[in-house]
Amino acid sequence: MNLTLNIWRQKDGRSAGQFETYQMNDINEHMSFLEMLDVLNDKLESEGKEPVAFEHDCREGICGSCGVMINGAPHGHLPRTTTCQLHMREFKSGDNITIEPFRAGAFPVLRDLVVDRSALDRIVQAGGYVSARTGSAPDANSVPIEKDLADRAFEAAACIGCGACVASCPNAASMLFTGAKITHLGLLPQGQPERYIRVDKMVAQMDKEDFGHCSNYGECTVACPKGISLDVIAQMNRDLLVSQLRGRSTEG
Amino acid sequence: MTIQLKSGAPEGPVETAWARHKFSMKIVNPANKRKYTVIVVGTGLAGAACAATLGELGYNVLNFCFQDSARRAHSIAAQGGINGAKNYQNDGDSIYRLFYDTVKGGDFRARERNVYRLAETSVNIIDQATAQGVPFAREYGGLLDNRSFGGAQVSRTFYARGQTGQQLLIGAYQAHAKMVAAGNITMYARHEMLDVVIKDGDARGIIARDLVTGELKRFVADAVVLATGGYGNVFYLSTNAMGCNVTAAWRAHRKGALFANPCYTQIHPTCIPVSGDYQSKLTLMSESLRNDGRVWVPKHKKDCFDPATGKVGRHPNEIPEEDRDYYLERRYPSFGNLVPRDIASRAAKQVCDEGRGVSYNGRGVYLDFSDAIRRLGKAAVEARYGNLFEMYQRISGTDPYVEPMRIYPAIHYTMGGLWVDYNLMSNVPGLFVLGEANFSDHGANRLGASALMQGLADGYFVAPPCIGGYLAEVKPRPKSTDWPEFAEAEAAAKARIDRLLNVKGKRSVDSFARELGLLMWDKCGMGRTEEGLTEALRRIPEIREEFWKNVSVPGSNTGVNQSLEKAGRVADFLEFAELMCLDALERRESCGGHFREEYQTPDGEAARDDENFQHVSAWEFTGLGQRPVLHKEPLTFDYVHPSQRSYK
């Protein structure tokens, strides 16, 4: 198939960027989207031109490295799919494809399609963990957990931290990401002792970063390659409310 | 130099060896821990667990990864599970049985005492991960569930659907995040280690390149830990992530660390077959699928791939039972589809070599779930493997609920790595090597669900006391990045980068990676011969020479330059590949994943030569293009006596 790619090129965070157009011919429909970009980069490199920088690693939808806007949608329009799992059979010959970086104030562009998502790490560092010093754990079966609860915690824990939820949100909020972690740990008995300190600290960190607020557009759950449900945001808000009623402070 | 390879493993009963060893090591007083700095390179299971644990203990940790976040390391992609000798299933499991299975599974080429310690520690890992909130699969009674994996006749594998690696890594990453916030770990993401700095014989620092600015930076410490993964990408097409590389290990090797058993590579039997020349990586389908999937090829060539027409005969669903060859069940009735990986892979190669393969280019076999779906129902199969089936369908475009998967072996893991003693320290004092990057626990073949176990055992439980023991011995020492050793290492790294940028040739970096990978797969892959390896040893220097004459690395050393990152890694693979082939050539026997076609039993199994090769081959670098020096560490087996592995 033949395609026209409009790709965002930007030298670094200080420079202005612009779209450049590349004509791609004879693309095999079994290729993945990133393999199609490999073909372009291979050509650019052998001509001594700088290839398009994009982030990727595992190429099987689990590491969360990849993620670009494809025709305006994070990871493209196919539901529950990361960019690396998208295949060219989803496109038609003659298509124009616009490829941009994830855009959000909290995700500054580093080069071309590569953005800095370290704000998400800082949210986890603020409290997204269960304190369990190495060597101090009781026997794993000493606390039975209802299967349904464990399954729901797992659903929330499936988040890969790619940032598609932020990129899809008109407010560039990271509520789905943060809510997923709060829900995962907050549902499990192991997560109870720090449950309310956790929500206070993580929400406070989210506010410190350049993320927006949630106004219930619901775009995030549609864009999420792992199908994380909006329920996690409701869970986060409930926990935050309980915490505030209890009079905890973010200084915790 | 003369190197005496001593494992330092304690004598006496294996059951108490680790406890006695831990007690014999010195410990650092809590108030003194902050006086020590430890560099940890890598944030996979081994690196993140080690950094988090050292941080909790109060050491000052500097942690590095080339990815944008510590959470992205390739451990995240492990699917199937993690072994733990809990015997929660009451099916006869024990620490001793896991030890036995691992030594046997490794084809008697691992160090017994290391393996026992691994099995012993496995139970603590399950407790640790559960306490962190890792959502392992559970039964309706609320207790943890298990599944079976290859090479074992008990169910000891803990899992979190097909995302066990992800969940365990996120558990370690969260423990790590807590220590970053506490200030005990300073995290350097998007930093790639380019060299290790050695002063007065000890590892004292690294040179790392900031992948955003291009700046070369110096970091000094009291000890350096490499948890930098395996070298499977020397084959270009592998199940490894695109960024996995040998650079950290190879640079340490060039600085004196011995490289052990580089020819031990694991070919995973169940991957999605190659579908075209453009392909960038291969995708694994978890071994857990062999719990319920049955492997077969057609009995008759008319139903297989025909090279003359490029077509495959009858659709698998139209081939009746009597025309199918369930070759694993036929050849290995007691383990059936759950034979270890090396055996399942070789058996697939053999049937395809006979011309009975299916799929694109005839390199594929069927993995069929129709019996399981009939027996258990589609919903039960979906609950067990849903995400794997979805992944398969997405990549292949066919529905495994309706027709068999097509699979073929691919490079997945490397058992070889830097030589380490019982303390996980290389022959360079102060240089520790953890997880897949070291060589010690899996011998010539790793059993499924044991990589996660080893990474976490090393990181949480083994390395921290051993590193503490070393630091207590050496005492706090002055630290300075102004030492001439730093200036030299930095100048060498810079010269290499300049050289890469100045070739200004006509070929892309990937074109060289592909060329090398194809050669390695062909000559040093599933079947190896003296002739093929000799040919590879002739070709590799030629490719390397062409690389340095004709590679095109556009851009500069400032700012993000992904071509430059890749080029540095490929340049190291082009040096490392030679050592791997030499090791494969010199090991004139077959064992585990190392199959020399000249050395096989009449029924096509690996024929070991214990008299001449019951040792670890540890290679010393003597200069590029120079023959490395071989040092041997003899292996002794006091408990699990070598025999021909039988899974029949």
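Keeping their order, the protein sequence lines are chains A and B.
Counting from 1 along the first sequence, just add 11 to a position and that's the residue number in the numbering used here.
Counting from 1 along the second sequence, just add 1 to a position and that's the residue number in the numbering used here.
Even for Gly, the Cβ is constructed at its ideal location relative to N, Cα and C.
Bear in mind the structure is a predicted one, so any value in this text is a computation, not a measurement.
Could you tell me which residues DSSP puts in a beta bridge with residue i?
| i | result |
| --- | --- |
| B:T1 | With chain B covering only 2 through 649, there is no way to say anything about residue 1 of chain B. |
| B:P401 | Answer is none; B:P401 lacks a bridge partner. |
| B:S557 | Answer is none; B:S557 lacks a bridge partner. |
| A:Q34 | A:T15 |
| B:G206 | B:V198 and B:V221 |
| A:Q203 | In DSSP, A:Q203 forms no bridge with anything. |
| B:K23 | Beta-bridge pairing links B:K23 to no other residue. |
| B:H192 | B:D211 |
| B:V62 | B:V39 and B:I186 |
If you draw a straight line from the alpha carbon of residue i to that of residue j, how long is it in whole angstroms?
| i | j | result |
| --- | --- | --- |
| A:N82 | A:V63 | 17 Å |
| A:S26 | A:P112 | 15 Å |
| A:L251 | A:C176 | 20 Å |
| B:M651 | B:F65 | Lying outside 2 to 649, the shown extent of chain B, residue 651 of chain B is not represented and no answer is given. |
| A:P149 | B:I126 | 11 Å |
| B:A1 | B:V155 | Here chain B comprises residues numbered 2 to 649, so residue 1 of chain B is not present and cannot be evaluated. |
| A:A178 | B:F24 | 52 Å |
| B:I83 | B:L46 | 12 Å |
| A:R257 | A:Y140 | 21 Å |
| B:D343 | B:F336 | 14 Å |
| B:A1 | B:S451 | Because residue 1 of chain B is not part of the residues shown, which for chain B are 2 to 649, the question remains open. |
| A:F65 | B:Q164 | 25 Å |
| B:S647 | B:P485 | 56 Å |
| B:E16 | B:Q175 | 32 Å |
| B:A18 | B:K7 | 16 Å |
| B:R315 | A:K192 | 49 Å |
| B:G151 | B:T103 | 11 Å |
| B:T158 | B:G85 | 6 Å |
| B:R385 | A:L199 | 22 Å |
| B:F220 | A:R20 | 33 Å |
| B:G556 | B:F548 | 17 Å |
| B:I77 | A:R70 | 12 Å |
| B:Y232 | A:Q216 | 38 Å |
| A:G263 | A:M213 | At A:G263, the pLDDT of 45 sits below 50, so the modelled position is not reliable; the number obtained from the coordinates is stated separately. The straight-line gap from Cα to Cα measures roughly 12 Å. |
Please list the terminal residues of the continuous alpha helix (DSSP H) segment that includes residue i.
| i | result |
| --- | --- |
| B:Q168 | T165 to A183 |
| B:G569 | Q563 to E587 |
| B:D369 | From DSSP, B:D369 is part of no alpha helix (DSSP H) but of the beta strand (DSSP E) over V366 to D369. |
| B:A537 | E531 to N551 |
| A:R249 | D242 to L256 |
| B:L238 | It is not in any alpha helix (DSSP H) - B:L238 carries neither H nor E in the DSSP assignment. |
| B:N424 | Looking at the DSSP string, B:N424 is not in any alpha helix (DSSP H), and its letter there is neither H nor E. |
| B:F433 | Premise fails: B:F433 lies in the beta strand (DSSP E), L432 to V434, not in any alpha helix (DSSP H). |
| B:E516 | V510 to C525 |
Quick check on the DSSP output: the beta strand (DSSP E) that includes residue i runs from which residue to which?
| i | result |
| --- | --- |
| B:K633 | V630 to P635 |
| B:C272 | T266 to C272 |
| B:M188 | I186 to Y189 |
| B:G499 | Looking at the sequence provided, one finds Asp at residue 499 of chain B rather than Gly. Not the beta strand (DSSP E): B:D499 falls in the alpha helix (DSSP H), residues P485 to V504. |
| A:M186 | Looking at the DSSP string, A:M186 is not in any beta strand (DSSP E); the run it does join, the alpha helix (DSSP H), is M186 to L198. |
| B:T415 | M406 to T415 |
| A:E111 | N107 to E111 |
Is the Cβ-Cβ distance between residue i and residue j less than 8 Å?
| i | j | result |
| --- | --- | --- |
| B:A242 | A:C74 | yes |
| B:A74 | B:G107 | no |
| B:A173 | B:F137 | no |
| A:L55 | A:E61 | yes |
| B:V29 | B:A464 | no |
| A:D132 | A:F118 | no |
| B:R114 | B:A10 | yes |
| B:P299 | B:I273 | no |
| B:L227 | B:L425 | no |
| B:R407 | B:Y367 | yes |
Is it the case that the CB of residue i approaches a heavy atom of the ligand HEM more closely than 7 Å?
| i | result |
| --- | --- |
| B:G277 | The ligand content of the structure shown is nil, which means the ligand HEM is not present either. |
Fully enclosed by the stretch 328-364 of chain B, which beta strand (DSSP E) runs are 3 residues long or longer? none
If you scan the stretch 452-483 of chain B from start to end, which runs of the alpha helix (DSSP H) of 4 or more residues do you find wholly inside it? Runs found: 452-457 and 464-475.
Report the start-end ranges of each beta strand (DSSP E) in the stretch 275-317 of chain B that is 3 residues or longer and not cut off at the edges. 295-299
Please list the segments of the alpha helix (DSSP H) lying wholly inside the stretch 75-133 of chain B, counting only runs of 4 or more residues, in order along the chain. 96-106 and 113-133
Whole beta strand (DSSP E) elements within the stretch 123-189 of chain A, 3-residue minimum: Taking 3 residues as the minimum length, the stretch 123-189 of chain A contains no beta strand (DSSP E) run wholly inside it.
Quick one: which unbroken alpha helix (DSSP H) runs of 4-plus residues sit fully inside the stretch 19-73 of chain A? Chain order, please. 44-57
Along the chain, which unbroken stretches of the alpha helix (DSSP H) at least 4 residues long are found entirely within the stretch 597-646 of chain B? Listed in chain order, the complete alpha helix (DSSP H) runs (minimum 4 residues) inside the stretch 597-646 of chain B are 611-614.
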